[in-house]
Amino acid sequence: MSRNDEIATELEAFADLLEAKGVEYKPRAYRRAAENIREYPGAIEGLAADGTDAVGEIDGVGDAISAKVVEYVETGEIGELAELRAELPVDMAALTAVEGVGPKTVGKLYDALGITTLDELEAAAEAGDIQDVKGFGAKTEQNILDNIDFAREAHERALLGEARPYGEEIRDYLAGVDTVDRCALGGSIRRWKPTIGDVDVLVGSDDETAVVDAFTDWEGTDRVIEAGETKASVRAGGVRVDLRVVVPEEFGAALQYFTGSKAHNVAVRNRAIERDLKVNEYGVFDIEGIEDDDQRAGRLVASETEEAVYEALGMEWMPPELREDRGEVAAAAAGELPALLAEGDIRGDLHTHSDWSDGGYSVAEMVAGATEFGHDYIAISDHATGPGMVGGVGVPDDELWDELDEIEAVAADAEIDVFAGVEANIAPDGSISVDDDLLAALDIVVASPHAALDGDGTDRLVAAAKHPHVDVIGHPTGRFLNRRPGLDVDIERLASVAADHGTALEVNASPSRLDLSGSAVKQAIEAGATVVIDTDAHGPGEFEQIRYGVHTARRGWAEPDDVLNTQSADAIREFIHD
DNA sequence: GCCGTTTTCGGCCCGACTGTTTTCAGTCG
């Protein structure tokens, strides 16, 4: 857990405990602050050192929360949180992991039965004690028993690269059902978030019940969590899948609502309120002078398409990747949305591996694969020796000279441009452990961190970006999704140095990395840096993963001109020539 | 606790589903 994650988790614990006590509004404020701190690309610790004003620059963080963040960084504890924990000494995260159990339920069960852990919860349910508590009954008790084992397994979020193909399978099944008119993935999959909590599917149909039935009857369904008239949730293959069915005329409004993010929808609805409009999953309604609080009350302004919904609010339609409440609502209202990069804009891959290091295919096979994929050029950039290269993966300098000869020989016969490269390692002190003569002889040098991947890495990466032979900083933070958070990096400072020295910052498209992240890409571009989207492919089958990098860059508002490998091979040559 | 293109005070997104309730609270997204 990175330090930012750690602070965010503390604030979320604060929110849960306040909610358990029945406090209103504050929990939402703490959660919003926690989310923005978790997404913040730099090190909060650094801001905390500059005082509460610096921390308060983060959206949703005011005087009270910034003081608590500083207190936590300085003392390792938030006093008020410790008091709340003493009042309600429960394993909140474990207990609320049980489907249907939230903070208020945890609070009630602690007051009535003294339950603090999952084991105690299970024992109380088995003994039949829970149904005797006011507000609880036999069904609630049984649901807890049914869900407790699932909660015990630590469920990490699925990687986009795994969940997306799986979601498409479910979508295709539903699209084949007779009564289904329109069908789409929603939620975080549609926004291309790096990790996915659940799969959201939206269907437009005039026969809602038939669609819900088809969904719960799907062969992949392991257990039905709930099934109503218009929505249902199932557990399938360890993932939660949520279905929502609407009439075709309301598909656009539902898709907008169902795509999120939650923060984006809140911003959109607030904009609606300012205009005496109401937005929900059924449409945009003009409610001026209307007292009726029915969901479809008022004059219907838009509902059939997303474009119409946004237009009704005076906004341009925007790609789902932008819907994270990072300024897209104001930009759409001003007609100043970015013209985002598209998958088809990518013309080559500048970070790939062959069997000279840990790839599974020869240089010639990688070049042939890139040609078949449709690229105009490819760089072969095998691992050099150095920090993090264990088990003989890294290629020593004298062998890299031999590989250079082979790449040039393959290039001579290739239909596409082939660049001879290397992926060098950035040591903790920022140095590059490959001989300068070799670096100078190669076309392109990707330099990446592979060891000592914790703490603040800004100085280390800045030093590498200044190196005269380094062209690309590969997977800058070194994060591995669900496994390690990687380096904390002041992206603005790194990007500014990179821009000055003609060094590109990579968006590594590997589904387990997606590094830089979308929010970091946004900061990097705003600071003037060029980004490059690479697959880090270890075989020709991985070239298609470039799409995950493209959509990650789109999450960072990247336009074609911001991205090095939307350009021609000649333009690449010019960029890396120095 | 946060925030402001009416506000430095008075609001705070909206709805489905479930279970336990005779009208609502909690959870979830």
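Going by my numbering, the first residue of the first sequence is number 30, and it counts up by one from there.
Each residue gets a CB set at the ideal place from its N, CA and C atoms; glycine is no exception.
| Asked | Found |
| --- | --- |
| Cross-strand partners of THR146 (DSSP beta bridge) | Answer is none; THR146 lacks a bridge partner. |
| Backbone secondary structure at ILE36 - three-state DSSP | helix |
| Among GLU432, PHE280 and PRO425, nearest to VAL408 - alpha-carbon criterion | It should be noted that the sequence gives Ala, not Val, for residue 408. Among GLU432, PHE280 and PRO425, the Cα nearest to that of ALA408 is on GLU432. |
| Close beta carbons around GLN285, own chain, < 7 Å, minus the five adjacent residues each side | GLU335 and VAL338 |
| Three CB pairs or more closer than 8 Å across the stretch 75-83 and the stretch 40-60 | no |
| Beta-carbon gap between VAL228 and VAL270 smaller than 8 Å | yes |
| ALA413 versus ASP405 - alpha carbon distance | 25 Å |
| Per-residue burial, GLY164 [other beta carbons within 10 Å of its own, 16 or more giving buried] | exposed |
| Endpoints, the beta strand (DSSP E) within which GLU68 is located | Element bounds for GLU68: not the beta strand (DSSP E) but the alpha helix (DSSP H), 55-68. |
| For LEU370 and ALA527, believed in contact at Cβ under 8 Å, the rounded distance | With a Cβ gap of about 19 Å, ALA527 and LEU370 do not count as contacting. |
| Option in ILE66, ASP378 and GLY75 with minimal Cα separation from ALA598 | ASP378 |
| Inter-residue Cα distance where the pair is GLU444 and ARG542 | 31 Å |
| Pair within 8 Å by beta-carbon distance, ALA292 and ASP354 | yes |
| Whole alpha helix (DSSP H) elements within the stretch 577-605, 4-residue minimum | 598-605 |
| Stretch pair the stretch 120-129 + the stretch 146-162: three plus CB contacts closer than 8 Å | yes |
| Cα-Cα separation, LEU113 to THR487 | 36 Å |
| Per DSSP, the bridge partner or partners of GLY377 | TYR406 |
| Segment contact flag, the stretch 236-248 with the stretch 174-190, C-beta cutoff 8 Å, min 3 pairs | no |
| Inter-residue Cα distance where the pair is VAL130 and ASP45 | 12 Å |
| Neighbourhood of SER548 by C-beta distance below 6 Å, restricted to the same chain and skipping five residues each side | GLU68 and PRO70 |
| Alpha carbon of THR564 to alpha carbon of GLY403, nearest angstrom | 14 Å |
| Backbone CA spacing between ASP485 and GLU35 [nearest angstrom] | 15 Å |
| Residues of its chain near GLY578, where Cβ-Cβ distance is below 6 Å and the 5 sequence neighbours each way are ignored | VAL536, ALA538 and ILE562 |
| Buried versus exposed, by CB contacts within 10 Å (16 or more), HIS606 | exposed |
| Boundaries of the beta strand (DSSP E) in which THR255 is found, first to last residue | For the record, residue 255 in the displayed sequence is Glu; it is not Thr. First-last of the beta strand (DSSP E) with GLU255: 252-256. |
| Terminal residues of the alpha helix (DSSP H) in which GLU435 lies | 426-442 |
| Residues near ASP251 in its chain [Cβ-Cβ closer than 6 Å; skip 5 each side] | ARG264 and ALA265 |
| Pairwise C-alpha distance: THR506 and GLU437 | 31 Å |
| Anticipated Cβ contact below 8 Å, ALA331 with ILE316, distance rounded | At roughly 14 Å, the Cβ-Cβ gap does not stay under 8 Å, so ALA331 and ILE316 are not in contact. |
| Chain-order list of residues whose beta-carbon lies under 7 Å from that of ALA126 (same chain, five-residue window excluded) | ALA180 |
| Simplified DSSP assignment, three categories, for ARG298 | helix |
| DSSP three-state assignment for VAL550, whether helix, strand or coil | helix |
| Residues of its chain near GLU401, where Cβ-Cβ distance is below 8 Å and the 5 sequence neighbours each way are ignored | PRO569 |
| Beta strand (DSSP E) runs contained entirely in the stretch 318-402, provided each spans 3 or more residues | 328-331 |
| Heavy atom of the ligand FAD within 7 Å of LEU534 beta-carbon | The model depicted lacks the ligand FAD and carries no ligand whatsoever. |
| First and last residue of the uninterrupted alpha helix (DSSP H) at VAL84 | 81-84 |
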